[in-house]
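Per the working numbering, the very first residue in the sequence shown carries number 1; after that it's consecutive.
Just so it is clear, CB atoms sit at the ideal spot from N, CA and C, and this is done for glycine as well.
Owing to the predicted nature of the structure, the values given are computational and were not obtained by experimental measurement.
Below: the structure, in structure tokens.
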Amino acid sequence: MTGEASSRRVSFVDEVFDLDGLLSDEERGWQSKARSFATERILPTIEQDFENQYFRRELVPELGAAGFLGMHLTGYGCAGAGAVSYGLACLELEAADSGWRTFVSVQGSLAMTAIHRFGSDEQRQRWLPGMASGSWVGCFALTEPTGGSDPAGMLTTARRDGDDWVIDGAKRWIGLASIADVAVVWAHTDAGVRGFLVPTSTTGFAATPIDTKLSMRASIQCDIRLDAVRVPYSAMLPGARGLSGPFSCLNEARFGIVWGAMGAARSCLDAAIGRARAREVFGKPIGATQLIQAKLADMLVEYEKGVLLALHLGRLKERGALTPAQISVGKLNSVREALRIASEARAILGGDGVTSEFPVMRHLANLESVRTYEGTDEIHQLILGRALTGLNAFA
Ligand code: TGC
């Protein structure tokens with residue numbers, strides 16, 4: 001980012017929308033820490049990393065030291081923060097880049113949550129402290145090359161062979177897999193879907209980054225091959241039986257997206273406001289025209305609604321009252337509106353909007369991935385349709 005976009009440190013949007021007044025001191029502290037991390041450690045190199053398709057691995061232990069990895073979990077070196085604090089961290093990290101919020105989601109909400117919630121105490125002791133510190137990276141292998149919307153149709157299998165499990169199959173779009181130390185692999189067994197902790201050094205495990213992505217380029221997503229991967233019986237997560245195991249981890253990741261996507265939206269809205277104030281056309285700033293002001297006002301309204309919805313869901317989560325359908329409302333709304341805000345911001349920036357001098361096109365490209373993973377718009381519409389009607393329209 002250069003020029004007018006990079007010289008600002010305070011969000012114009014924050015000046016209008018007093019979110020601070022709705023937060024506790026602790027929540028403001030986490031938000032401030034995440035914003036500083038994003039500003040000082042991610043933003044200076046993000047355009048270059050996005051262009052070069054480079055994942056800045058050295059930031060992982062820094063994220064761990066700051067407490068962002070598995071920050072909503074308790075014990076095992078995790079910070080034990082509240083849901084709103086975690087959401088605010090996701091918002092601030094994604095205001096820099098969706099790839100870094102995705103990292104925190106995959107590591108904390110998916111891989112660590114699976115181990116924390118469903119693992120044996122031995123599994124937790126073995127993996128969680130190193131993952132919380134960022135010494136170790138985890139990935140969550142659910143989606144397959146044949147599709148991600150219907151995990152019940154997964155083709156990966158795990159069969160018993162003596163004291164071992166032998167896993168065969170393939171996974172796709174798996175974040176961090178090529179740098180991960182452990183993969184949480186979901187597979188069909190004779191007793192339904194089960195999860196397995198597979199050290200990525202295990203013979204037969206191979207992860208290959210997907211390098212044709214035009215989105216999330218500062219992040220890593222991979223194809224995984226599992227060819228007769230042999231793990232001991234103790235590698236199975238004892239507490240996860242059936243699809244409710246991986247789905248309950250997806251709930252955590254989707255909750256982070258509800259907040260995170262609003263961070264990307266805020267960054268785009270900020271860029272558009274800055275441009276509207278500075279750019280002169282027909283002898284005056286474009287921000288002095290009614291057409292631009294109407295666009296900015298609509299963008300702000302959707303941003304504020306999105307953040308207030310995220311906050312409401314966070315408060316429900318803290319009371320243990322958040323349902324999967326409510327998370328679907330948030331995921332669907334946040335990503336859809338963030339995409340609209342990013343697209344409007346791109347238009348306000350004119351031709352410069354497609355350059356890397358502003359963060360908008362990068363956010364727009366990233367949000368297309370965010371729209372697709374952890375349940376597409378259509379999946380969340382169908383989850384809500386089922387909740388409203390009691391009728392299943394998936395098939
Ligand atoms: P359904 O019959 O509805 O449910 C099967 C079992 O799961 C339970 N369940 C849930 N539990 C917790 N949270 C949820 N949100 C749950 N949704 C369902 C359900 O109660 C039942 O439990 P039980 O005990 O009775 O067996 O299952 P279905 O097959 O009809 O599901 C339909 C649908 C569409 C809701 C589900 O398939 C779905 O959510 N699909 C989207 C999956 C998705 O988001 N995939 C993308 C994942 S992203 C990825 O894999 C990459 S990892 C991230 C990265 O690395 O970047």
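Report the rounded CA-to-CA distance for residue i versus residue j, giving the unit in angstroms.
i: Asp-270; j: Gln-107; result: 29 Å
i: Ser-24; j: Leu-313; result: 16 Å
i: Glu-4; j: Glu-378; result: With a pLDDT of only 41 at Glu-4, under the threshold of 50, the placement of this residue in the model should not be trusted; the figure read from the coordinates follows. Cα to Cα, Glu-4 sits roughly 37 Å from Glu-378.
i: Cys-222; j: Thr-39; result: 28 Å
i: Arg-346; j: Leu-364; result: 8 Å
i: Ile-46; j: Leu-391; result: 45 Å
i: His-72; j: Ala-288; result: 44 Å
i: Lys-317; j: Gly-256; result: 12 Å
i: Cys-249; j: Arg-35; result: 25 Å
i: Glu-26; j: Ala-393; result: 43 Å
i: Lys-33; j: Ser-11; result: 15 Å
i: Arg-28; j: Gly-138; result: 28 Å
For residue i versus residue j, is the C-beta distance shorter than 8 Å?
i: Val-13; j: Tyr-303; result: yes
i: Leu-367; j: Ala-253; result: no
i: Val-184; j: Gly-195; result: yes
i: Ala-187; j: Thr-157; result: yes
i: Asn-333; j: Leu-308; result: no
i: Gly-260; j: Arg-371; result: no
i: Ala-111; j: Phe-68; result: no
i: Gly-99; j: Ala-218; result: yes
i: Ala-132; j: Tyr-54; result: no
i: Ala-272; j: Leu-296; result: yes
i: Leu-226; j: Ile-179; result: no
i: Leu-243; j: Pro-151; result: yes
i: Lys-331; j: Glu-374; result: yes
i: Ser-356; j: Glu-15; result: no
Let's test the definition: count the other Cβ atoms within 10 Å of the Cβ of residue i and tell me whether it reaches 16, buried, or not, exposed.
i: Arg-431; result: Beyond the ends of the chain as shown, which are 1 and 395, falls residue 431; an answer cannot be given.
i: Val-60; result: buried
i: Val-198; result: buried
i: Pro-359; result: buried
i: Val-104; result: buried
i: Asp-20; result: exposed
i: Asp-298; result: exposed
i: Gln-123; result: buried
i: Ser-201; result: exposed
i: Arg-319; result: exposed
i: Pro-246; result: buried
i: Leu-388; result: exposed
i: Val-258; result: buried
i: Asp-97; result: buried
For residue i, decide whether its Cβ has a neighbour in chain C, counting only Cβ atoms nearer than 8 Å.
i: Pro-285; result: The chain labelled as chain C is not found in the depicted structure, where only one protein chain is given.
Taking 8 Å as the cut-off, does the region 82-91 touch the region 206-223 (at least 3 CB pairs, one atom from each stretch)? no
Within the chosen definition, does the region 275-286 reach the region 110-129 through at least 3 CB pairs nearer than 8 Å? no
Tell me whether the region 312-330 and the region 89-105 touch, counting them as touching only if at least three CB pairs, one residue from each stretch, are closer than 8 Å. no
Would you call the region 141-150 and the region 162-172 in contact, with 3 or more CB pairs under 8 Å? yes
List, from N- to C-terminal side, the beta strand (DSSP E) runs of 3 residues or more that fit wholly inside the region 159-230. 164-175, 182-189, 192-199 and 205-209
Any beta strand (DSSP E) of 3 or more consecutive residues that is wholly inside the region 258-320: none
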